[in-house]
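In this text, residue positions in the sequence shown follow our numbering: the first is 1, and each later residue adds one.
C-beta atoms are modelled at their ideal positions from N, C-alpha and C, and glycine is treated no differently.
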Amino acid sequence: MLDVPHELVEHVSWLIHTRTCELGSRWRKLSCFKQALLALAHLRKNETPARVAAGFGASEATAWRYVEETVEVLAAWAPGLREALVGLGEGDFVIVDGTLIPTDRIKADEPYYSQKHRKHGMNVQVVAAPDGTPLWFFRALPGRTHDLTAARAHGIVQACLTREILVLADRAYRGAGATFRTPHYNHHELPEHYQQYNRDHARLRTPGERAFAQLKAWKVFGKTRCTTNRISRLIAAVHTLMIHSPATRENSG
């Protein structure tokens with residue numbers, strides 16, 4: 001069983017149909033709807049190309065080609081940073097946080113080894129709304145990349161400063177300056193009003209974890225074995241699915 005709404009499958013199949021029309025494809029092994037199901041089975045359940053190929057009566061090469069095509073189509077619809085911040089300005093705030101997407105790597109692959117998490121992976125950052133709805137996922141970077149370095153590299157620090165958007169982030173972003181607000185250190189030794197600030201900060205920032213919970217519900221991110229570019233495309237593709245999922249729209253509404 002594939003636990004995704006029928007409405008979402010139809011939406012993906014419509015995007016695939018639009019792409020096939022643009023390419024002038026006249027015949028395919030699977031219909032657009034079945035291709036959407038095949039790709040979603042891979043993304044949602046991390047089914048291998050061999051398994052989905054067997055389930056849909058296609059060759060492994062065909063199944064992999066359909067998955068990659070669908071990922072590309074979906075990724076193209078993911079919002080960029082400028083789109084994510086449209087409508088936000090002075091008086092608004094967002095949450096910025098990072099996580100590690102585990103990868104199958106050997107210890108010699110130093111750039112991908114995160115000392116913080118004690119494992120290999122890709123550093124993924126998110127800009128989330130106050131309720132935890134993901135607005136924009138950064139392009140994946142090697143696991144050892146510091147969260148603050150990633151935020152600066154992707155321009156979120158400057159973008160929020162320009163729009164005067166307040167950013168709530170954890171201690172990893174200390175030193176970002178601009179409109180970033182992080183908790184105070186040594187909070188147990190601080191005056192009460194500083195401790196209260198930390199409590200309020202944590203309460204407002206906590207919903208940001210929901211963005212990564214939604215992302216990791218797609219099992220393809222359980223343990224990946226691919227490049228940073230492909231992981232970035234997978235994240236963008238899944239973000240598009242999250243945006244168009246009926247449950248996500250109801251929660252954000």
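Q.
Distance check for Gly24 and Tyr66, CA to CA, integer angstroms please.
A. In the sequence shown, residue 66 corresponds to position 66, counting from 1. In the sequence shown, residue 24 corresponds to position 24, counting from 1. Taking the straight line from one Cα to the other gives about 16 Å.
Q. Where do the N-terminal and C-terminal ends of the alpha helix (DSSP H) with Trp64 fall, by residue?
A. Residue mapping note: residue 64 aligns to position 64 of the sequence shown, counting from 1. Glu60 to Ala76 is the span of the alpha helix (DSSP H), which, as asked, contains Trp64.
**Q.** Three-state secondary structure (DSSP) of Asn251
**A.** The residue labelled residue 251 in the question sits at position 251 within the sequence shown. Note that Asn251 has pLDDT 47, beneath the 50 cutoff, so the model's placement of it is unreliable and no number is given.
Q | alpha helix (DSSP H) runs contained entirely in the region 129 to 193, provided each spans 4 or more residues | A | 147 to 153 and 156 to 163
Q. What does DSSP give as the partner residues of Ser114 in its beta bridges?
A. If you number the sequence shown from 1, residue 114 lands on position 114. Note: Ser114 sits in a beta bridge opposite Lys119.
Q) Of the residues Val124, Arg230 and Ala36, which one's Cα is nearest the Cα of Ala254? A) Examination of residue 254 is not possible in this model, given that the chain is present from 1 through 253 alone.
Q: With DSSP as the reference, label Val96 as helix, strand or coil.
A: As a position in the sequence shown, residue 96 is number 96, starting the count at 1. In this structure, DSSP gives Val96 an extended state, which the three-state scheme calls strand.
Q | Buried versus exposed call for Ser59 [16 or more other C-beta atoms within 10 Å across all chains shown] | A | As a working note, residue 59 is residue 59 in the sequence shown. When all chains shown are included, Ser59 counts as exposed.
Q: Taking 8 Å as the threshold, find out whether the region 192 to 205 comes into contact with the region 131 to 150 through three or more Cβ pairs.
A: No contact exists between the region 192 to 205 and the region 131 to 150.
**Q.** Nearest neighbour of Glu10, chosen from Arg28, Ala140 and Ala39 [CA to CA]
**A.** Counting from one through the sequence shown, the residue named residue 10 turns up at place 10. If we check each option's Cα against that of Glu10, Ala39 comes out closest.
Q: Note down the Cα distance separating Thr182 from Ser31, rounded to an integer number of angstroms.
A: Residue mapping note: residue 182 aligns to position 182 of the sequence shown, counting from 1. Residue mapping note: residue 31 aligns to position 31 of the sequence shown, counting from 1. Distance from the CA atom of Thr182 to the CA atom of Ser31, rounded to whole angstroms, is 50 Å.
Q) Could you give the C-beta distance for Trp136 and Ala76, rounded to a whole number, given that I count them as a contact under 8 Å? A) Along the sequence shown, one-based indexing puts residue 136 at 136. Along the sequence shown, one-based indexing puts residue 76 at 76. At roughly 15 Å, the Cβ-Cβ gap does not stay under 8 Å, so Trp136 and Ala76 are not in contact.
(Q) Tell me whether the region 146 to 163 and the region 88 to 103 touch, counting them as touching only if at least three CB pairs, one residue from each stretch, are closer than 8 Å. (A) yes
Q) What does a CB cutoff of less than 7 Å around Ile231 pick up in its chain, not counting 5 residues either side in sequence? A) For the purposes of this step, residue 231 is identified with residue 231 of the sequence shown, where counting begins at 1. Closer than 7 Å at Cβ, skipping near neighbours: Ile101, Met122, Ala140 and Thr224.
Q) Does the Cβ-Cβ distance between Leu46 and Val167 come in under 7 Å? A) Residue mapping note: residue 46 aligns to position 46 of the sequence shown, counting from 1. Residue mapping note: residue 167 aligns to position 167 of the sequence shown, counting from 1. The residue asked about is misnamed: residue 46 is Asn in this sequence, not Leu. No; because the gap between Cβ atoms is not below 7 Å, this pair is not in contact.
Q) Counting along the chain, where does the alpha helix (DSSP H) carrying Phe212 start and finish? A) Reading the sequence shown from its first residue, position 212 is the one you call residue 212. Phe212 -> alpha helix (DSSP H) spans Glu209 to Lys216.
Q. Which one of Asn198, Ser245 and Asp200 has the shortest CA to CA distance from Ala217?
A. Your numbering for residue 217 matches position 217 in the sequence shown. It is Ser245 whose Cα lies nearest to the Cα of Ala217.
Q: Determine the DSSP secondary structure at Val127, reduced to helix, strand or coil.
A: To locate residue 127, count along the sequence shown from 1; it is residue 127. Correct three-state label for Val127: strand.
**Q.** Span of the alpha helix (DSSP H), counted from its first residue to its last, around Phe229
**A.** Start at 1 with the first residue of the sequence shown, and residue 229 comes out as number 229. The displayed chain sequence assigns Asn, not Phe, to residue 229. Per DSSP, Asn229 is one residue of the alpha helix (DSSP H) stretching across Thr228 to His244.
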